[in-house]
Amino acid sequence: QAGNLFLTLAPGHYSLTVEQQGFKTYKQELEAKAGSRQMISIILEIGTGLRISMFDALPIMFPDQTMGLSPDGRYALRREEKPGHHIVKVEDLHRKTWRILMQYHQRVIFRWSGSQILATDYLENHFSRCFIYSADKKTRPISVWDLLKGQLEEDEKHGLEDVLRNKQVELDGHWEQGSGVGVRVDAYGANGILEFRWSYDLKVPPA
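All letters in the sequence shown, in the order written, are residues 17 to 223 by our numbering.
Shown next, in the form of C-alpha cells:
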C-alpha cells in the first residue's frame, strides 16, 4: 500500500528503519541538513517464506494510487502525470530497470498473474478496453476483445457484434486459476442503462 509521511527533523545523522509483518526490514542511514528537503522512496520486499496468491491480491487502481507492487514484490507500477497524458511505468526491482507500460484515459485497473498484467482502461463512463501486458519484456499487448472474438464461434461472434452495435461497451476481466481470463461484457444504451451482460472464460497464450 502506498502512502506519504512528512517529518520535520533537526540537522544531524539519523538511522531509518521500516518494519512490516511479512516484509523484509528496510534500513537506511540519513543526514539531515539545515534548510534542505529530502524525498525518500521506500519499497518493502516480500519476506522469505511468504507467499501471496495472485488471485487474492488487491488490484492496483490509478489515479487512486500512485504506485503498486506485484504480489511477489518483484515489479512496481508507477503513475506519472504529464500535461494531457496519464503514463504508467513498470519497474523491475530486481534488475533496477524500468520502461513505459502504457497510457491510460480516465482510470485504469491492473490485476497480476505472474509477470502478466491484465489492464482495464476506462476511456469514459461505461466504455472500457482490456489488454494483457508483460512486465518482464516489451511485447505487443494482447487485446482481450480480439482474444474473445478469436475464441467464439462465427455465428456467436456475429451475433455479439450485432447486439453491441451503437452501444457503449464496458469490458472487465479477472484472472482465473490456471492460464485463463474471465471476461464480463456489459452493453449500455444511449440513456446509460445496462441492456445486456455476458460472461466468458478465455484461454490466454503463455507469456
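Idealized CB from N, CA, C, for every residue including glycine.
{"Query": "Just checking, does the segment 145-162 make contact with the segment 172-182 on the three C-beta pairs under 8 Å criterion?", "Result": "no"}
{"Query": "Kindly identify the DSSP beta-bridge partner or partners of V34.", "Result": "Y42"}
{"Query": "Does the segment 108-116 come close enough to the segment 78-92 that 3 or more CB-CB pairs lie under 8 Å?", "Result": "yes"}
{"Query": "Quick check: the Cα distance between Q11 and L85, rounded to an integer number of angstroms?", "Result": "With the chain running from 17 to 223 in the structure shown, residue 11 is simply not present."}
{"Query": "How about Y149 and D137: are their beta carbons less than 8 Å apart?", "Result": "no"}
{"Query": "Just to confirm before moving on: does the CB-CB distance between L210 and G196 stay below 8 Å?", "Result": "no"}
{"Query": "Distance check for K40 and H29, CA to CA, integer angstroms please.", "Result": "23 Å"}
{"Query": "Please report how far the alpha carbon of V34 lies from the alpha carbon of E45, in whole angstroms.", "Result": "12 Å"}
{"Query": "May I ask which residues mark the beginning and end of the alpha helix (DSSP H) holding G84?", "Result": "That residue, G84, is in no alpha helix (DSSP H); its beta strand (DSSP E) goes M83 to L85."}
{"Query": "With a threshold of 6 Å on Cβ separation, who are the neighbours of D152 within its own chain once the five nearest residues in sequence on each side are excluded?", "Result": "S131"}
{"Query": "What's the C-alpha gap between E169 and S215?", "Result": "15 Å"}
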